[in-house]
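So the sequence shown is numbered by the numbering used here: it starts at 6 and just counts up by one.
For reference, the structure is listed below as structure tokens.
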Amino acid sequence: MDAGRAAPESDPGRLVRPFAIGVDGAPATSGLDLLTRVVARRPPGDDDHMRPERESLLRLAAQPQSVAELAALVGLPLSVAKLLIADMIESRDLALCTSASAVPGDDVLHMLLDGLRAL
Numbered sequence: 006m007d008a009g010r011a012a013p014e015s016d017p018g019r020l021v022r023p024f025a026i027g028v029d030g031a032p033a034t035s036g037l038d039l040l041t042r043v044v045a046r047r048p049p050g051d052d053d054h055m056r057p058e059r060e061s062l063l064r065l066a067a068q069p070q071s072v073a074e075l076a077a078l079v080g081l082p083l084s085v086a087k088l089l090i091a092d093m094i095e096s097r098d099l100a101l102c103t104s105a106s107a108v109p110g111d112d113v114l115h116m117l118l119d120g121l122r123a124l
């Protein structure tokens, strides 16, 4: 092999850019923040394999997860994940759980500190 060329990687990474992920409309993401929790309303179906990010979100949100957790687990930028999650809420694939606004002020800081300690 040529010393100036790197060996091909077995995993080429994302082949589709985040902006190309199919979002049907322009969903309102104003109600979603980092701590908004969502849960899947259904398991992934046969058609979901054509949209791997949606399939992953449905699988990961079988138990309530925050928007930030889902974005990190799926490997999407937060802004793209919020758009996708908002679209999935509008299409009734995901449902909102407890939003961060329902958590009193100091409790959010304690939750954040507990999460950091768990790392």
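No residue lacks a Cβ here, since even glycine has one placed at the ideal position from N, Cα and C.
Bear in mind that the values here come from a model prediction, so they are computed numbers and not experimental data.
Find out if the Cβ-Cβ distance for the pair ASP38, VAL72 is shorter than 8 angstroms. yes
LEU81 beta carbon less than 8 angstroms from that of LEU65: no
Quick one: Cα of VAL91 to Cα of ALA45, how far? The sequence shown places Ala at residue 91, not Val. So the two alpha carbons sit approximately 12 angstroms from each other.
Which residue comes first and which comes last in the alpha helix (DSSP H) that contains ARG64? 57-65
Tell me the rounded alpha-carbon separation between LYS87 and PRO48. 20 angstroms
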